[in-house]
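Numbers 8 to 327, taken from this note's numbering, label the letters of the sequence shown in order.
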Amino acid sequence: MEQRNNVTEFVLLGITQSLQGQKILLAVFLIIYMLSMAGNLLIVLTVVLSPALDAPMFFFLGYLSLMDAIYSSTITPKLIKDLLCEKRTISFKACMTQLFLEHLFGGVDVILLVVMAYDRYVAIFKSLHYMTIMNQQRCAILVLLTWVGGLLHATPHVLFVYNLPFCGPNVIDHFGCDMYPLIKLACTDTYVVSLTVLANDGVISVTVFTILLVSYGVILQSVKNLSKEARRKALSTCGFHITVVILFFVPCIFIYVRPPSTLPIDKYLTVFYTVITPMLSPLIYTLRNLEMKSAIRKIWTRKVSVDTIRLFAVINALNL
């Protein structure tokens, strides 16, 4: 694969050119990223450490939190760093790497949301056989499928963009490397590439979004026949899943389901689903899930108590 361009780096215009605005955004994004990492990693560690959270639902929830943490890390650290710099640049290879990782983990997230919808369907309608159907082998296969799907989604992006000729203009009106801003700089006809992006990102986003809404709609319609407690749990679980689905897909659909173009609002929508949504996901899950909140309290209260006892023991030993 031969690179056919004269560009070795790109200049990123970022979100704003205002120095005051950059200072405000630096503080905001730094806080958001720290909360995102803390919240998602808290869920991952809680799922790993708590024997009570051994159901497949919590396994997938921990896996989603891990993917959210990694997905956000493909964009946010570079965004925060650039807010400290007067000139924001990214090398061609780093740009391709960022593009690949963003769509890889984004693709994994999308397919994982479908897997979680399937898990909820089995838990509600096949409750007596839930643990048999969603055994460790099937969970491992579903996780593998998310990675295969993510790779199939991300690889064409890099292949198409890498082979585009860039003859000189290298200023990207964005804070990161994404398809439409990059295609806009190519000095050739990009009609075929643009259609590929529309099919790969736009059609997939709309299709998966529709499937998820319909599947959760069927589940919510069918819980009327369940007991009051089972209905409450189903409504709670599906409710926060639908919230995450909407927060993730609506901005993606707006950006990719339209004729190939770049709009000023695109960068703000990208911020929403790459920076803000990964922070909101753990808040939505922990605030709406009683088992998760209980496990967090038990594990981390016990952890703090043990650490406190050890600290006092060390202090007493030193005093002696």
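Backbone N, C-alpha and C fix where the C-beta goes; we use that ideal spot for every residue, glycine too.
Give every residue of the same chain whose Cβ lies closer than 8 Å to the Cβ of Leu120, excluding the five residues on either side of it in the sequence, and list them in chain order.
Closer than 8 Å at Cβ, skipping near neighbours: Leu71, Val215, Leu219, His248, Val251, Val252, Phe255.
Just the Cα atoms here: how many angstroms apart are Thr195 and Ser57?
In this structure, the alpha-carbon of Thr195 lies about 55 Å from that of Ser57.
Whole-Å CB distance - His160 paired with His110, under 8 Å assumed
That belief holds up - the Cβ atoms of His160 and His110 are roughly 6 Å apart, short of 8 Å.
By how many angstroms is the C-alpha of Phe36 removed from the C-alpha of Leu49?
If I take the Cα positions, the gap works out to 19 Å.
Look at Leu108 and Thr81 and say whether their C-beta atoms are less than 9 Å apart.
Cβ atoms of Leu108 and Thr81: closer than 9 Å.
At the level of alpha carbons, what is the spacing between Lys191 and Asn47?
Using only the alpha carbons, I get a separation of about 35 Å.
On the criterion of 16 or more Cβ atoms from any shown chain inside 10 Å, does Lys30 qualify as buried, or is it exposed?
Per the 10 Å Cβ criterion, exposed.
Measure the C-alpha to C-alpha separation of Ile22 and Lys94 and round it to an integer number of angstroms.
Roughly 13 Å between the two C-alpha positions.
Write down the C-beta distance between Leu331 and Pro267 rounded to the nearest angstrom, noting that I regard them as a contact closer than 8 Å.
Since the first residue shown for the chain is 8 and the last is 327, residue 331 is missing from the structure and cannot be characterised.
Please classify Pro258 as buried or exposed, where buried requires at least 16 other C-beta atoms within 10 Å of its C-beta.
A residue is called buried once 16 or more other Cβ atoms fall within 10 Å of its Cβ, and Pro258 is buried on that count.
Does Gly114 pass the burial test, meaning 16 or more other C-beta atoms within 10 Å, or should it be called exposed?
With 16 or more other Cβ atoms within 10 Å, it is buried.
Helix, strand or coil for Ser178? Go by DSSP, reduced to three states.
Residue 178 is actually Val in this sequence, not Ser. Here Val178 sits in strand by DSSP.
Measuring alpha carbon to alpha carbon, tell me which of Arg265, Thr104, Val178, Gly156 ends up nearest Leu19.
Comparing Cα-Cα distances from Leu19 to each of Arg265, Thr104, Val178, Gly156, the minimum goes to Val178.
Ser312 (DSSP reduced to helix, strand or coil)
Low per-residue confidence applies at Ser312: pLDDT is 49, beneath 50, and the placement is therefore not dependable enough to give any value.
Does the Cβ of Val51 have 16 or more other Cβ atoms within 10 Å, making it buried, or fewer, making it exposed?
By the 10 Å Cβ count, Val51 comes out buried.
Based on the DSSP output, what are the partners of Thr277 in its beta bridges?
Looking at the DSSP output, Thr277 shares a beta bridge with no other residue.
Less than 9 Å between the C-beta atoms of Cys102 and Cys184, yes or no?
Less than 9 Å divides the Cβ of Cys102 from the Cβ of Cys184.
Distance between beta carbons of Ile303 and Val230, contact taken as under 8 Å
That belief does not hold up - the Cβ atoms of Val230 and Ile303 are roughly 26 Å apart, past 8 Å.
Beta strand (DSSP E) runs contained entirely in the segment 46 to 129, provided each spans 3 or more residues
Within the segment 46 to 129, the runs of beta strand (DSSP E) that reach at least 3 residues and sit entirely inside it are, in chain order, 96 to 98.
What's the call for Gln24, buried or exposed, on a 16-neighbour Cβ count within 10 Å?
By the neighbour-count rule (16 or more Cβ atoms within 10 Å), Gln24 is not buried but exposed.
Backbone CA spacing between Leu276 and Pro289 [nearest angstrom]
Distance from the CA of Leu276 to the CA of Pro289, rounded to the nearest whole angstrom, comes to 20 Å.
Can you check which of these residues, Val122, Pro163, Lys133, is closest to Thr342 by C-alpha distance?
What the structure shows of the chain is the stretch from 8 to 327, and residue 342 is not part of that stretch, so it cannot be assessed.
For a test of the three-state rule: what should DSSP assign to Phe36, helix, strand or coil?
DSSP places Phe36 in helix when its eight states are reduced to three.
So what does Val18 bridge to, in DSSP terms?
Thr96, Val178, per the DSSP bridge assignment.
Burial state of Tyr263, where buried means 16 or more other Cβ atoms lie within 10 Å
Result: buried.
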